[in-house]
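Participant:
Residue numbers (my numbering): 1 to 187.
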């Protein structure tokens with residue numbers, strides 16, 4: 001309970017410090033093309049883009065694609081458990097809940113904000129691609145960056161949620177490929 005109180009006090013302070021930046025970035029949703037673009041990116045970032053990529057990897061890279069696809073699936077499940085556990089332990093409200101001036105551009109998938117699960121997964125898979133298939137990683141990078149930006153633009157996350165999700169996800173992806181990549185390469 002004491003750690004939750006410390007986290008709550010920390011996030012209350014951080015929320016106040018990030019509010020102006022969140023509000024400034026969130027103003028972009030006033031423009032219909034921006035709102036539409038980031039809604040589509042967010043929806044694809046729910047998992048659909050990554051599921052399609054994982055299914056396509058064995059076709060795109062016959063030598064290593066199946067192993068990487070299986071490793072990405074298992075690492076993705078680990079990412080889901082990690083971010084859900086952190087969200088329920090740390091309990092940070094989303095910006096649009098704490099600050100009514102911030103517009104919610106699309107309904108969130110869950111209640112809490114820290115860390116961004118979308119960004120965590122995107123950064124994880126991006127890191128895995130950079131280690132295992134660098135050329136493909138460059139093609140996916142604009143989507144990954146758009147997913148991260150969408151979280152703040154749509155009023156769903158603070159910049160620090162996105163930064164934390166990126167660091168945690170990239171670390172998990174990098175470690176996964178380094179630790180288990182050789183094992184899955186034989187598939």
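Ideal Cβ placement from N, Cα and C applies to all residues, glycine included.
Source: prediction; values computed, not measured.
Fully enclosed by the segment 127 to 185, which alpha helix (DSSP H) runs are 4 residues long or longer?
Facilitator: Complete alpha helix (DSSP H) runs here, min 4: 134 to 153 and 159 to 185.
Participant: Between the Cα of residue 114 and the Cα atoms of 137, 32, 69 and 167, which residue gives the shortest distance?
Facilitator: Minimum Cα distance to residue 114 is reached at 167.
Participant: Per DSSP, what kind of secondary structure is residue 108 in: helix, strand or coil?
Facilitator: Residue state, collapsed to three classes: coil.
Participant: Cα-Cα, which of 117, 19, 15 and 33 is closest to residue 105?
Facilitator: For residue 105, the nearest C-alpha among the options comes from 33.
Participant: Count the other CB atoms, across all protein chains shown, that sit within 10 Å of the CB of residue 162; report buried if there are 16 or more and exposed otherwise.
Facilitator: Buried.
Participant: Please return the same chain residues whose Cβ sits closer than 7 Å to the Cβ of residue 25, not counting the five positions on each side in sequence.
Facilitator: Cβ within range, chain order: 152 and 153.
Participant: Rounded to a whole number of angstroms, what is the C-alpha to C-alpha distance between residue 7 and residue 94?
Facilitator: Looking at the two C-alpha atoms, the distance is approximately 15 Å.
Participant: Would you identify the three-state DSSP class for residue 114, choosing helix, strand or coil?
Facilitator: Three-state DSSP puts residue 114 in coil, outside helix and strand.
Participant: Pop quiz: residue 148 and residue 119 are said to be a contact at Cβ under 8 Å. What is the actual Cβ separation, rounded to whole angstroms?
Facilitator: Contact flag correct, Cβ pair sits at about 5 Å.
Participant: When the Cα of residue 170 is compared with those of 17, 141, 64 and 107, which residue comes out closest?
Facilitator: Of the candidates 17, 141, 64 and 107, the one whose C-alpha sits nearest the C-alpha of residue 170 is 141.
Participant: Please classify residue 121 as buried or exposed, where buried requires at least 16 other C-beta atoms within 10 Å of its C-beta.
Facilitator: Buried.
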